[in-house]
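Just so it is clear: in the sequence shown, position 15 is 15 by full-length UniProt numbering, and no numbers are missing.
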Amino acid sequence: MVNWHGWAKIRGYSLAHYHIVTPKMLAELQRKVMSQAWHGRQRQRATRQEKLRLQALKSDDQEAYLRMVEESKNERLTMLLGKMNDLLVRLGAVVRRQKDAKHDGIEPLNGPQAEVHHTPTTKMKILEESVRDEDDDLIEAKLDDGVTEQPSILQGGELRQYQLEGLQWMLFLFNNNLNGILADEMGLGKTIRTISLIAYLMENKGVTGPHLIVAPKAALPNWINEFSTWAPSIAAYLYDGRREQRKAMQKELSQGKFSVLITHYDLIIKDKAFLKKIHWHYMVVDKDTG
Numbered sequence: 001m002v003n004w005h006g007w008a009k010i011r012g013y014s015l016a017h018y019h020i021v022t023p024k025m026l027a028e029l030q031r032k033v034m035s036q037a038w039h040g041r042q043r044q045r046a047t048r049q050e051k052l053r054l055q056a057l058k059s060d061d062q063e064a065y066l067r068m069v070e071e072s073k074n075e076r077l078t079m080l081l082g083k084m085n086d087l088l089v090r091l092g093a094v095v096r097r098q099k100d101a102k103h104d105g106i107e108p109l110n111g112p113q114a115e116v117h118h119t120p121t122t123k124m125k126i127l128e129e130s131v132r133d134e135d136d137d138l139i140e141a142k143l144d145d146g147v148t149e150q151p152s153i154l155q156g157g158e159l160r161q162y163q164l165e166g167l168q169w170m171l172f173l174f175n176n177n178l179n180g181i182l183a184d185e186m187g188l189g190k191t192i193r194t195i196s197l198i199a200y201l202m203e204n205k206g207v208t209g210p211h212l213i214v215a216p217k218a219a220l221p222n223w224i225n226e227f228s229t230w231a232p233s234i235a236a237y238l239y240d241g242r243r244e245q246r247k248a249m250q251k252e253l254s255q256g257k258f259s260v261l262i263t264h265y266d267l268i269i270k271d272k273a274f275l276k277k278i279h280w281h282y283m284v285v286d287k288d289t290g
């Protein structure tokens, strides 16, 4: 049995605070215990899966190993996509509330008497109305860009379902003028999804660029190859080389006959005087995983 009186004295509380402190402490303790137990089970499960994968490798069972890796990825993807859908629903609800609030807001007074008749409450409502007007892109968010098939100019293969859903997520961000991060694991097609977004914008929204892709220098050939394979009709331009070569490229680029410029981190610093003259529509930053 717990000596609550002694515990309260040690903690510096009087018994008068007992009924206030104890429920909060118990709730917090319960939350921590449940969280630790869940994480413990997840670690044990991951450890078992890792052991099975190692056993498959040791027994040279490549098929079993690849199957287990794929299952692990699918579980992770299912969880991430579930969170994404939940976030879309919540964002959609916020947007709808903002639309309703815009219709219910008061009209601001005009003329010299406006300031005299505004109470602090009406001033706040007018300010909120002004902010809603300035954030019109968010208020008028388009949630109906349901992507059921990939853009027709994407020719290198068929996107998987989770890649189509990732494309839909990026379109939601585009429609609401928001930035985003593709943070899933390596090998799940982030490069292809990015190319699919550029292709979709070009085909369905008339957004032809120019777009800037900044990547580690070692990744530039892969970007160019993926564009050539998946979207050969998109004018993707590799910006690299010595100073004299880049000067010649700049003259060609100044004519605007490209949709995507692919370069690396060093050159966006060295050649920023030229690159900042271009009005970029999208910038994609491929982080260095090294």
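Backbone N, C-alpha and C fix where the C-beta goes; we use that ideal spot for every residue, glycine too.
Span separating the alpha-carbon of residue i from that of residue j
i: Y282; j: P210; result: 7 Å
i: P221; j: W38; result: 43 Å
i: G206; j: L238; result: 23 Å
i: Q30; j: Q36; result: 10 Å
i: K257; j: I278; result: 12 Å
i: W230; j: L182; result: 19 Å
i: L201; j: R243; result: 33 Å
i: K247; j: L267; result: 12 Å
i: N179; j: L171; result: 11 Å
i: A199; j: A236; result: 12 Å
i: A218; j: N176; result: 33 Å
i: R160; j: V260; result: 24 Å
i: P216; j: H264; result: 5 Å
Secondary structure of residue i, DSSP reduced to three states
i: T194; result: helix
i: I234; result: coil
i: A248; result: helix
i: T148; result: coil
i: Y239; result: coil
i: L109; result: Because L109 sits at a pLDDT of 41, beneath the cut-off of 50, its placement in the model cannot be relied upon, and the point is left open.
i: F227; result: helix
i: residue 327; result: Here the chain covers residues 1 to 290 and nothing more, so residue 327 does not appear.
i: S35; result: helix
Status (buried if at least 16 other CB within 10 Å, exposed otherwise) for residue i
i: P151; result: buried
i: L197; result: buried
i: W169; result: buried
Residue i CB to nearest heavy atom of the ligand HEM below 7 Å
i: E149; result: As for the ligand HEM, it is missing from this structure, which has no ligand bound.
Residues sharing a beta bridge with residue i, DSSP
i: T263; result: V214
i: M283; result: L212
Residue range of the alpha helix (DSSP H) that includes residue i
i: G166; result: Q161 to N175
i: F274; result: K272 to L275
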